[in-house]
Amino acid sequence: MNLLLKSMINYALIVLIFSLSETTALHANSIKFKNANELFDSKNYTEAIQNYNDLSTNGVSVNLLFNLGNSYYKAGEVGKALSSYQKALKLAPRNPDLIKNFNFVQKQVPTPPIPITLSQKLIRKLSIDEWIFITAFLSSLFFILMGIKQFYPSHIKNRFWMKISGAIAFIFLLFSLYSLSDYYDDKRAFVTKDIVVHTGPVEQSPESFMAKDGMELFVLGHNGNFINVKSSFGTVGWIDTNAVAFTLP
């Protein structure tokens, strides 16, 4: 009995310590976020960017990425701003402020973005969490109906609704898997400074085309410190990895 009581007390202490540490970390992050916002409001954009990036090492949120994008834009770094907005849109694809700012900055880039397919447009209407939630809900509904049919067959004589719910759940499962693939295998990147894109993965190779800050590229592959990219015009070349910002949060 004493051993059980000691175990319970130790467990409670561990939970309490963990909760306190989590609360302390959240409070510290909240203060840092507030300080970063104050730096932005006082037009110290470089310092604000540094603070937001420091916070991102503990995880990102829509507000953090949105404010980081705003800071990059105010600091004149268009490509990094677009990358931050795009990361935030993955988490909140229908956020009106995000969409407005992203479109505003994107229009200042002289080259068009990489075209996307109709299925990608549909998938990106919802976030991954939303796709997974809907799929889990429909799947649960289907299994509940199956359970009712199994144990109370008289309650469900017509299998029509079971078939419909199962089919819809399966379709949403496919969409969720496609959304996961689109999220984690996103091959878009934004140029972060005016730079020459070469025909080969070395600085000495001839120029393929000139990429401007904010230009959107499609990543084809990697070779050392260079990535093989394709522009919206279909031109292919190699660019230094440090000259682009990716879109995965």
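If you read the sequence shown in this note's numbering, its first letter stands for residue 333, the second for the next number, and so on. Note that beta-carbon positions come from the ideal geometry of N, C-alpha and C, so glycine has one too.
Close beta carbons around residue 364, own chain, < 8 Å, minus the five adjacent residues each side: 383, 386 and 387
Along the chain, where does the beta strand (DSSP E) that runs through residue 552 open and close? 548-555
Rounded to the nearest angstrom, how far is the Cβ of residue 579 from that of residue 521, given a contact under 8 Å? 7 Å
Give me the residue from 502, 445, 377 and 437 with the minimum Cα distance to residue 469. 502
Give the DSSP-derived three-state secondary structure of residue 539 in the structure shown. strand
Taking just the CA atoms, how far does residue 439 sit from residue 508? 31 Å
Three-state class that DSSP yields for residue 560 in the structure shown: strand
Taking 8 Å as the cut-off, does the region 392-411 touch the region 430-444 (at least 3 CB pairs, one atom from each stretch)? yes
The ligand NAP and residue 371: does any heavy atom of the ligand fall closer than 7 Å to the residue's C-beta? Looking at this structure, you won't find the ligand NAP or any other ligand, since it has none at all.
What residues in its chain sit with their C-beta under 6 Å from that of residue 504, if we drop five residues either side in the sequence? 466, 467 and 470
Tell me residue 570's beta-bridge partners as DSSP assigns them. 530 and 560
Are there 16 or more other CB atoms within 10 angstroms of the CB of residue 453, so buried, or fewer, so exposed? exposed
Per DSSP, which residues does residue 523 bridge with? Please list them. 576
Quick check on DSSP: helix, strand or coil for residue 399? helix
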